[in-house]
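> Under our numbering, the letters of the sequence shown match residues 2 to 360, in that order. Following this message is one structure expressed as structure tokens.
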Amino acid sequence: MSKLKQPFGFAIFKAAPLLLLIFGSNALFANDVEKGEKLYRQCAGCHQVGPGASHAFGPQLNGVMERVAAKVEGYDFSSAFTDAMAPDVKWNASSLSAFLESPMTNIPGTKMAFPGVKSEDDRASIIAYLAAVDVDGKLATTAEAAISADESNTEKQPRVLAADVEIPTHGVFHLGRVALAEEVAAWDIDVRPDGEGLPKGSGDAVAGGIIYDAQCAACHGDFGEGTGRWPVLAGGLGTLTDERPEKTIGSYWPYLSTVYDYVRRAMPFGNARSLSDDDVYSVTAYLMYLNDLVDEDFELTSDNFVEFRLPNEENFITDNRSEEPYFSGAVEPCMTDCIPGVATVSQRARVLDVTPDQN
Ligand code: HEC
Ligand code: HEC
């Protein structure tokens, strides 16, 4: 196979095991498609599949194995991405697997800010799944047949009627089941300003910079200045009284714990919860550095964390309105005919547009 026939030059021929998985026995095919569908969840934040899928931050992937790489109508690929593709070549299992291993190192500058899928098996499953989805977003019939054949192998479960299910006695609404301690622990990750909830660990700004460049800069800019309309993370100090204040971590946020909590909970966008606790310490340290709060050799740890105050903390005040005479003395609030005459709109909230539909 000539190198040029691949969507991009580096894709060495590695397809044999993948093709076997895709065109091998139906049962294997079905298992793989099912596994791939689950693994695909890490892509779903950016790529829609299924009937009526539309482009989101990434292009919709219906029938992606059948289409010319970087060509789908109505999606604006980055020039880094289109430049890396040989013209008019379709994706195949080999090239897609090579690409997905590490998108951002394979195609520097791609908009696909995703660290990649390291396991070759997992990539094969994801590809088997994508190969089974046709251009209309339907799971292809071979896969459907294989999956239903698979299901018919398992013992038929007797049909359970809702009326026969015992109503749980726990909780307020008597619904569902009691969450496992592990499930609660997985959700219970909030970090408070006083440090409560912080996991033990540490990380420095240098390590954070490396993670940031690979996993955050595509959206938030090399220096936190934000690309396109993605949020700005640094700068803006002293602009809060301007007509258009630049609200960043440094200029606006009250507590460092929010930075740690937010990044750990929600970033990188589309691949949330993929960073380790120490990675989050590093990235938080780097965001402090980008905001000129610390030097570049700074190390943030669970021990020194609460020593750091963000510049705008003191401008936040406790909401004690209910104790203020005006409110605490007020009797029933007025609910009818409160303004004499006709009510008019005197002000509108500014549209913030934080999250672009597409960039
Ligand atoms: C953070 C968002 C994001 C995540 C997560 C993501 N992608 Fe992407 N993907 C993109 C973007 C954006 C592009 C377009 C690349 C460009 O223009 O530089 C893209 C491009 C692609 C393409 C090329 C499509 C074409 O028509 O040529 C494929 C295939 C693809 N992604 C598959 C995947 C798979 C599979 C996963 C999960 C393992 C995944 N992506 C995870 C954002 C993402
Ligand atoms: C694919 C684009 C993308 C990537 C990659 C990404 N982010 Fe974000 N980030 C966003 C979007 C979109 C928001 C706003 C989300 C919202 O408001 O709903 C955001 C918000 C944030 C915020 C809050 C900003 C504010 O002022 O409200 C922080 C902090 C942040 N990201 C840090 C990171 C870090 C650290 C990484 C890398 C580990 C990262 N992001 C990777 C898109 C991205």
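Even glycine gets a Cβ: it sits at the ideal position worked out from N, Cα and C. Please read these numbers as outputs of a predicted model, since none were measured by experiment.
For G204, report the span of its beta strand (DSSP E) as first-last.
From DSSP, the beta strand (DSSP E) with G204 extends over 203 to 205.
> L140 by DSSP, collapsed to three states: which one?
L140 falls in the strand class under three-state DSSP.
> Note the first and the last residue of the continuous alpha helix (DSSP H) segment covering E184.
That run of the alpha helix (DSSP H) goes 182 to 188.
> According to DSSP, simplified to helix, strand and coil, what is S153?
For S153, the predicted model reports a pLDDT of 46, less than 50, meaning its position is unreliable; a value from the coordinates is still stated below. In the structure shown, S153 sits in a helix (DSSP, three-state: H, G or I).
> Buried or exposed: which applies to G229, given that a residue is buried once 16 or more other Cβ atoms fall within 10 Å of its Cβ?
By the neighbour-count rule (16 or more Cβ atoms within 10 Å), G229 is not buried but exposed.
> State whether the segment 293 to 300 contacts the segment 200 to 217, with contact taken as three or more CB pairs (one from each stretch) at a distance under 8 Å.
Yes, the segment 293 to 300 touches the segment 200 to 217.
> On the DSSP bridge assignment, give the partners of E300 in chain order.
DSSP output for E300 lists D205 as bridge partner(s).
> Out of E167, F270, M105, S126, which one is the CA nearest neighbour of H221?
Selected option, being the one with the closest Cα: F270.
> Do you know how far the Cα of V192 is from the Cα of A54?
Going from the Cα of A54 to the Cα of V192 covers about 36 Å.
> What residue does the alpha helix (DSSP H) around F363 start on, and which one ends it?
An answer regarding residue 363 cannot be provided, because it is not within the stretch 2 to 360 covered by the chain.
> Among the candidates Q43, Y213, V118, D243, whose CA atom is the shortest distance from the CA of Y282?
Of the listed residues, the one whose Cα sits closest to Y282 is Y213.
> Please say whether E102 and V90 have beta carbons closer to each other than 9 Å?
Result no, Cβ atoms of V90 and E102 do not sit closer than 9 Å.
> What is the DSSP secondary structure of K39, counted as helix, strand or coil?
Three-state result, K39: helix.
> Quick check on V192: does DSSP put it in helix, strand or coil?
Reduced to three states, the DSSP call for V192 is coil.
> DSSP state of V69, grouped into three classes?
V69: strand per DSSP, three-state reduction.
> What's the call for W188, buried or exposed, on a 16-neighbour Cβ count within 10 Å?
Classification of W188: exposed, given that the 10 Å Cβ count is below 16.
> So A125 is in the alpha helix (DSSP H); what residue range does that whole segment cover?
Per DSSP, A125 belongs to the alpha helix (DSSP H) from 121 to 133.
> At a cut-off of 8 Å, is V233 close to ligand 2 when judged by its beta-carbon and the heavy atoms of the ligand?
Because some heavy atom of ligand 2 lies under 8 Å away, the Cβ of V233 counts as near it: yes.
> Using alpha carbons as the reference points, say which of D278, V307, A114 lies closest to V264.
Taking only the C-alpha atoms, the option nearest V264 is D278.
> For ligand 3, any of its heavy atoms closer than 8 Å to the Cβ of T337?
This structure simply doesn't include ligand 3; it includes ligand 1 and ligand 2 instead.
> Would you mind stating whether R124 and W92 have Cβ atoms separated by less than 9 Å?
No, the pair does not count as a contact, with Cβ atoms beyond the cut-off.
> With a Cβ-Cβ cutoff of 9 Å, do N63 and V134 count as a contact?
Contact flag set, yes.
> Pull up the distance between the alpha-carbon of V173 and that of V179, whole angstroms please.
The alpha-carbon atoms of V173 and V179 are separated by roughly 12 Å.
> Would you mind stating whether I234 and L199 have Cβ atoms separated by less than 9 Å?
Per the sequence shown, the amino acid found at residue 234 is Leu instead of Ile. Result no, Cβ atoms of L234 and L199 do not sit closer than 9 Å.
> Do you know whose CA, among Q61, A71, A132, lies nearest G37's CA?
Closest by alpha carbon: A132.
> With respect to 8 Å, is the separation between the Cβ of A114 and the closest non-hydrogen atom of ligand 1 below this value?
Result yes, Cβ under 8 Å from ligand 1.
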